[in-house]
Structure formats: structure tokens, C-alpha cells
Amino acid sequence: MKHHCYALCMLLLAVASTGFAQNLNWNITGAGARAEGFGGAFIGVADDATAIVWNPAGLGQIERTEFSVVGRFLQEVSEDKNEFSKTTIENTYSHFNPNFASVAIPFPAGTSNMVLAVAYQSQLDFYYKAGKDSINSTGGASTITPAVAMRVGSVFAFGAAANIWLGNADQTVNMPPWKRDLSFSFTGLNFTGGVLLDFAGLSTPIPWKVGVTFRSPFTLKSDADRTFTNSAAPSTVKDKFHIDIDMPLMVGVGTSFRIGESFTIAGDFETRMFADKKSNVTVPRTGMSDTTFSSPMSDHNENLSQVRVGAEYLIVTSSGVFPVRAGFRTVPTLYSNYEWDQTNITYKSKSAVSGIGFSVGTGFISGSFALDFAFSHDQYDQTWTDAGKTDYSYKYNVNRVSGSVIVYL
């Protein structure tokens, strides 16, 4: 059984007869190998250049110019199982993703510090392969983010950023004699704001930080071109359509606490308010009114709420600092588990699909640069049941290896 896709994928099914955004991760979050090692618990840490995409207020802690680059290798593994036919379809694909790049420049003035920064981040990664190259998807949606932060005194900092969404994605479905090509372009604009309280700056220091951040709602727009080719005829048909995706308000709170000089623990809670959000596909028709298909973003009509926790221990040597990190997170999805409804002769939504993830990380920190590495694993299972017995199941696992370089000037 083909895996049940996200709302966007269902819309594309309506107009393109096949899914495009399989396993697309709508847990919009920050970037960086150090943060990944923390399990993503970074809103209340946010003390390097990646703060621009976690909590822009954290940029106010930067005291030297920083350049950073982050890359990520992903391996995705899925398993579809049909208990009726006793068949299993497994799929594995992998690729490299340029995840993040930034520059942050501080302008200190007395007890205050203003920091200007700009960053690139890969947000929605559409890479997908299936069926021995019968389906190939590449590209995605990214953001260019200028930001400003101000630390006022030694305790309070605030920051704001604008996220300029852009990018392209392509998919080819090759099932001879038919071939279908889809090309998407993305545009959008939203804003991120944050505050950070660092109680280590009090006259009686407490090694505790608290951060709050929000991402404003907006419409992610996409224009699409579609081409059908029949090599047997031969014939070619081309058309266009437009997609509006309701992206919700996202609010997060995080905290971190340092124990001694070497050990830090951190925790975040973040909610993405996808309940009642929709995607709309508009198909223009010559001489007629345009036709719009609408679908909920969330199959279970609930928000995506996530918990992240992590820790870091610093091993200090004469040559530099070697960090050891570990983290855990929940992995909410827009999917549902389904239960057979005998009255309506269909599967109905039973509960939200949610998984778990963990991470470990390390690196090397010197006076002029920092290297960070992290491995993380996320997984979730989805089921279709009837009277407590599983009819179909889908399992998804993703392994990520992240690496980053930060240069201090």
C-alpha cells in the first residue's frame, strides 16, 4: 500500500496523480551540528551564529565576528507492509544537504551589544527516490534570513529576523510509456522574534538562561509546471497550477542550566499551530473559473508540539576543548493512525502519529575556530487497524550526520 502522504502531497495527488512530498518534515526548526547534538534543545542556549534560526536574541551573546557553515548527510529508510497480501516494500535513499551558512558581526557599546547577522538555511527538503529511479525528487524550499539582536545590560537580550522563502523543487515520475515532470518554485515571507534572559549576569550570578521565540504565520506560495509525455503515442501535455500553504504561528520556550564550569543541560518546548491550517491548489481553466482543491494540513487536526532535551560536557585540555553532547526529542507529524469504520466503510483518523529521536555529538573548540559533529536518528510508525488488528503499517527512519565549522575573528 502506498504510504499516506501529508496534506500537500494529497493535494498534488488530486492534480498530478502521484505524491511529491513524501516524508516531508514540517517541524520547522533551527540548524547546526552543535544544536543537533543537544537534540535541538537550543532556544535557551543560542550562543553561537546559529542562534539566528533558533532564537535571534541569542545573537546578542556574540562578542566576535563569526562565520559558520553546516552540512548534513541524510539516509532515509521506509517500510510499507500489507498484512492482507503479506507483502513488504522497503525503500532506502540518501543524499547530502547544505544545511546552513551565516555571518554575524557584533557592535559592542559599553554594557550593550548589537549584532547584525545574515544566514541561509535549508527548510523543506524534497529529496526522494523510489522504485529503482521511477520516482526522483530534488530541491526544496530555503530561507535567506537577515537579523538584528541587542543585548541590553548583562541579563536581557532581544532579537528579530526576517525569513525570505525561496527555492525550487523538481520531480520526475517515469513509468513507461508515461513520464510526468513537475517543477515548483517557492516564495514567502515571515518573521522570527525572541528574547533571552541570562541570569549569570546578575550581581549574584545564577548560571541559568531562559529563552522565548516565535515565528509568524504566513502563506508559502508555489507556482508549478507539469508536463505529461506518452512515448508510445507520442504526445505531450503541459499545464500549470498554483499552491498556497498555510504556515502557522510557531512558539517555543527553552531553558539551560550550567552545573559547574563544564556541564550544561537544556530543554525546549515548541508548538507549531497546524490545527485548522489548509493547503489550496488552484488550477486555471481557459474560459472558465479557476478550480481550487483544498485539504487540511494536519490529518488529525492537531498542532505539532515537540519536547527536546539535551546536555553538553566540556573536556578542557591544553590544546583545546572537546565537547561531548547527547539529546532526545519527540517527533510529531501531520500523519494519523487509522481505524476501520465499518459504518462508513472507510478508515477514519484515530490518533496522531508521533515518533522519537535521539542524538550524540562531539567536536573541537579552539580560540579561532570550532568544529562540531553530530549523529541523530528519528523514527515513527503509522498503522491502519481493524478491531485491534493491523491491516497496514508504515515505518520511517532517518539518520543524519551533521558537521559544522565556525570561524571566529
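Taking this note's numbering, the leading residue of the sequence shown gets 5, the next gets one more, and so forth.
Backbone N, C-alpha and C fix where the C-beta goes; we use that ideal spot for every residue, glycine too.
In the pairwise beta carbon analysis, the stretch 74-94 is classified as not touching the stretch 173-186: fewer than three pairs are separated by under 8 Å.
Around the beta carbon of lysine 213, a 10 Å sphere encloses 16 or more other beta carbons of the protein chains shown; the residue is thus reported as buried. In the three-state reduction of the DSSP assignment, glutamate 316 falls in the strand class. In the structure shown, isoleucine 210 adopts coil according to DSSP, grouped into three states. Within the DSSP secondary-structure output, proline 180 pairs in no beta bridge.
The continuous stretches of beta strand (DSSP E) do not include alanine 279, and DSSP gives it neither H nor E. Per DSSP, the unbroken alpha helix (DSSP H) holding valine 57 starts and ends at 55-58.
For alanine 391, the closest alpha carbon among the candidates Phe368, Leu413 and Gln346 is that of Gln346. The Cβ atoms of serine 302 and leucine 253 do not sit closer than 9 Å to each other.
Scanning the stretch 301-369 for uninterrupted beta strand (DSSP E) segments of 3 residues or longer gives 308-320, 325-345 and 350-369, listed from N- to C-terminal end. Each of Ala236, Lys225, Ser260 and Leu193 was checked against the Cα of phenylalanine 245, and the nearest Cα belongs to Lys225.
The alpha-carbon separation between aspartate 174 and threonine 387 amounts to approximately 29 Å. For glycine 64 against asparagine 117, the beta-carbon gap comes to about 6 Å, under 8 Å, which counts as contact. With a 10 Å radius around the Cβ and a threshold of 16 neighbouring Cβ atoms, proline 60 comes out buried. As the crow flies, the alpha-carbon of glycine 314 is around 9 Å from that of glutamate 40. Out of Leu338, Leu318, Ser323 and Gly34, the CA that lies nearest to the CA of arginine 329 is found in Leu318.
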